[in-house]
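All remarks here apply to the structure that follows.
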Amino acid sequence: MELCRSLALLTGSLGLVSILIALSTDFWFVAAGPSFSLHSGLWPKFGTEVPGYIHVTQSLSILATLWGLLSVIFLIMSCIPSLSIRGHPFLASSIMAFAAAISAVVAMVVYTSERWNQPQHPQIQTFFSWSFYLGWVSAVLLLCTGYCFSRTRRGQLGALRQQGGG
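Going letter by letter, the sequence shown gives residues 527 to 692 in our numbering.
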């Protein structure tokens with residue numbers, strides 16, 4: 527049980543840090559031509575109109591960050607007896623971690639599908655960059671966090687059953 531709790535704390539923290547880095551950097555998409563190279567992220571610097579899929583990706587990524595933060599806070603609180611909340615903190619943490627993972631996955635799918643379908647110029651090479659891939663890594667880490675939380679909760683229920691029955 528402690529291994530799952532520690533692993534959940536590790537994956538949750540790494541997922542939270544990685545989505546924050548992905549959100550704040552502008553290396554999601556790179557365009558390279560014969561004499562130039564440009565990169566962009568979720569927060570365009572120019573005064574142009576921002577496409578709708580960027581707003582969706584921004585919103586869902588921020589939502590995933592908030593869910594992930596709450597999930598990690600609940601786990602930390604459950605590790606400290608004086609801060610531990612009554613009820614089912616692992617169930618709440620697990621639900622929040624899965625909500626964060628789903629939000630991150632949907633954000634990444636929206637961004638990927640919209641960017642993938644954009645027309646390309648034959649002399650310009652376009653590709654996804656490290657911030658984009660870090661967004662996907664954060665989604666996987668948040669999913670692992672939810673799984674570890676659910677394993678921790680099952681371990682607690684099994685321990686309670688053994689104490690009551692024996």
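For glycine and all other residues, C-beta sits at the position ideal for the given N, C-alpha and C.
8 Å contact criterion, which residue i and residue j should meet: CB distance rounded
| i | j | result |
| --- | --- | --- |
| A630 | G661 | 7 Å |
| L668 | A590 | 7 Å |
Exposure label - residue i; buried when at least 16 CB within 10 Å
| i | result |
| --- | --- |
| L683 | For L683, the pLDDT reaches just 49, beneath the cut-off of 50, and the residue's location in the model is therefore unreliable, leaving the point undetermined. |
| W554 | buried |
| L568 | buried |
| I650 | exposed |
| F562 | exposed |
| G538 | buried |
| W642 | exposed |
Through-space distance from residue j to residue i, alpha-carbon basis
| i | j | result |
| --- | --- | --- |
| Q566 | L586 | The residue you asked about is not Gln; residue 566 is Ser in the sequence shown. Spanning the two alpha carbons is a distance of roughly 18 Å. |
| T638 | L529 | 35 Å |
| L536 | W656 | 21 Å |
| Q712 | E640 | No statement about residue 712 is possible, as the shown extent of the chain runs from 527 to 692 and does not include it. |
| V582 | R531 | 32 Å |
| L595 | V636 | 22 Å |
| A534 | A627 | 13 Å |
| M625 | G573 | Before going on, a small fix: residue 625 reads as Ala here, not Met. A625 and G573: Cα-Cα distance of roughly 33 Å. |
| F658 | A548 | 7 Å |
| E575 | Q584 | 15 Å |
| L564 | K571 | 12 Å |
| F600 | T551 | 27 Å |
| S604 | G541 | 19 Å |
| P577 | I606 | 44 Å |
| A623 | F654 | 26 Å |
| S620 | C674 | 8 Å |
| V666 | S544 | 11 Å |
| P489 | T652 | Nothing can be reported for residue 489: it is not among the residues displayed for the chain, which extend from 527 to 692. |
| A633 | S597 | 19 Å |
| A618 | Y579 | 30 Å |
Where residue i falls: helix, strand or coil (DSSP)
| i | result |
| --- | --- |
| L568 | coil |
| S550 | helix |
| V576 | coil |
| F653 | strand |
| V666 | helix |
First and last residue of the uninterrupted beta strand (DSSP E) at residue i
| i | result |
| --- | --- |
| F562 | Element bounds for F562: n/a, residue is neither H nor E. |
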